[in-house]
Amino acid sequence: MEYPYFKGLEADRYSFYRVPKALVKADPFQKMSGDAKLLYAVLLDRMSLSIKNGWQDKHGNAYIICTIEEVMDSIHCARQKAVKLLDELEQEFRLIERRRQGLGKPNLLYVKDLYAGLSQSNYWKYENHTSGSLKNELPGVLKSNGSNTEKINKTDSSETDLIYPAELQEEEQYRRYFKEALELEILEQGYPADKTVLYEILELLVETVTSRKKFLRICGEEKPKEVVKSRLMKLDSSHIQYILECLKENSTQIRNIKQYLLATLYNAPVTVDSYYSAQVRHDMGWGGRVDKN
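As structure tokens, this is what we get:
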């Protein structure tokens, strides 16, 4: 396949993982494998969403839930390598910490703040390493390098740069969250004919929770965006199954499918139980009758 050249701002449409500069430049991390650095970036990406949604323990420490299988899927590696990379980050570099929950629940994974744990002197020693070696370089090289701040700082805005648009990052984080929370891959297998609808629902959820509007229109009413977001974040696969059933049973023409889906998604957490209770009564032939005996 032939890939085209960049001609303008096309790169802005990409989303990226953040790899802290310290992982590349700071002395303590020089022996860390490239795959471990990539995995840290993936975990760091998920951590920001956890913080945003208040996933914190009783001490206020934010955590994520990331299984071995999710690590394998994120960086496309075998199970043995995923285990090895997690051990490298935890045991050798102490950048993550795993805590057991027990009862068959997945481990809580804490991503450590490497900048807080890295002394400024240690970091800047490596950041400014060129200043000590310039004396041994040719005059032309010395002139081009300058003071290690002249040309580099024109593109480096900070030591913890975000190298991609914040909005794209946020959308990708929520897209990943809903894929996991709704168990989208399992739903695809159970409802292969509805794959398109499933992904329309996914994108609608992402669009809604990342909206910059303060109020959103649901069922003809303006509702605070944070209230809508809170309700949508509670959805799981059972709610999506319920919505698919509602779509199949609906015999009336839907003029605005987007508004219909959004309203159904918003109401699902409070209507799904009543729906299935009615289904059970119907299947058992009760029909809502009260047994006087």
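Quick note: the working numbering has the sequence shown finishing at residue 1512, numbered continuously throughout.
Yeah, the Cβ is synthetic: ideal placement off N, Cα and C, and Gly gets one too.
In this structure, THR1427 lies away from VAL1446, with their beta-carbon atoms at least 8 Å apart. Excluding sequence positions up to five before and after ILE1294, its CB lies within less than 7 Å of the CB of ASP1254, LEU1257, LEU1258, VAL1261, all in the same chain and listed in chain order. Secondary-structure assignment with DSSP links LEU1451 through no beta bridge to anything. In the DSSP assignment, ARG1265 falls within the alpha helix (DSSP H) that extends over 1253-1271.
Bounds of the alpha helix (DSSP H) holding TYR1461 are 1456-1468. Between LEU1435 and LEU1480, the C-beta gap is not smaller than 8 Å, which leaves the two residues out of contact. The continuous beta strand (DSSP E) containing ARG1436 extends over residues 1434-1437. DSSP places LEU1327 in the uninterrupted beta strand (DSSP E) bounded by 1327-1330. Following the DSSP letters along the chain, one finds ARG1317 inside the beta strand (DSSP E) bounded by residues 1315-1318. GLN1472 carries a coil assignment under DSSP once its states are collapsed to helix, strand and coil. Following the DSSP letters along the chain, one finds GLU1441 inside the beta strand (DSSP E) bounded by residues 1440-1443.
The three-state secondary structure of ILE1283, taken from DSSP, is strand. The Cβ-Cβ distance between ALA1487 and LEU1454 falls below 8 Å.
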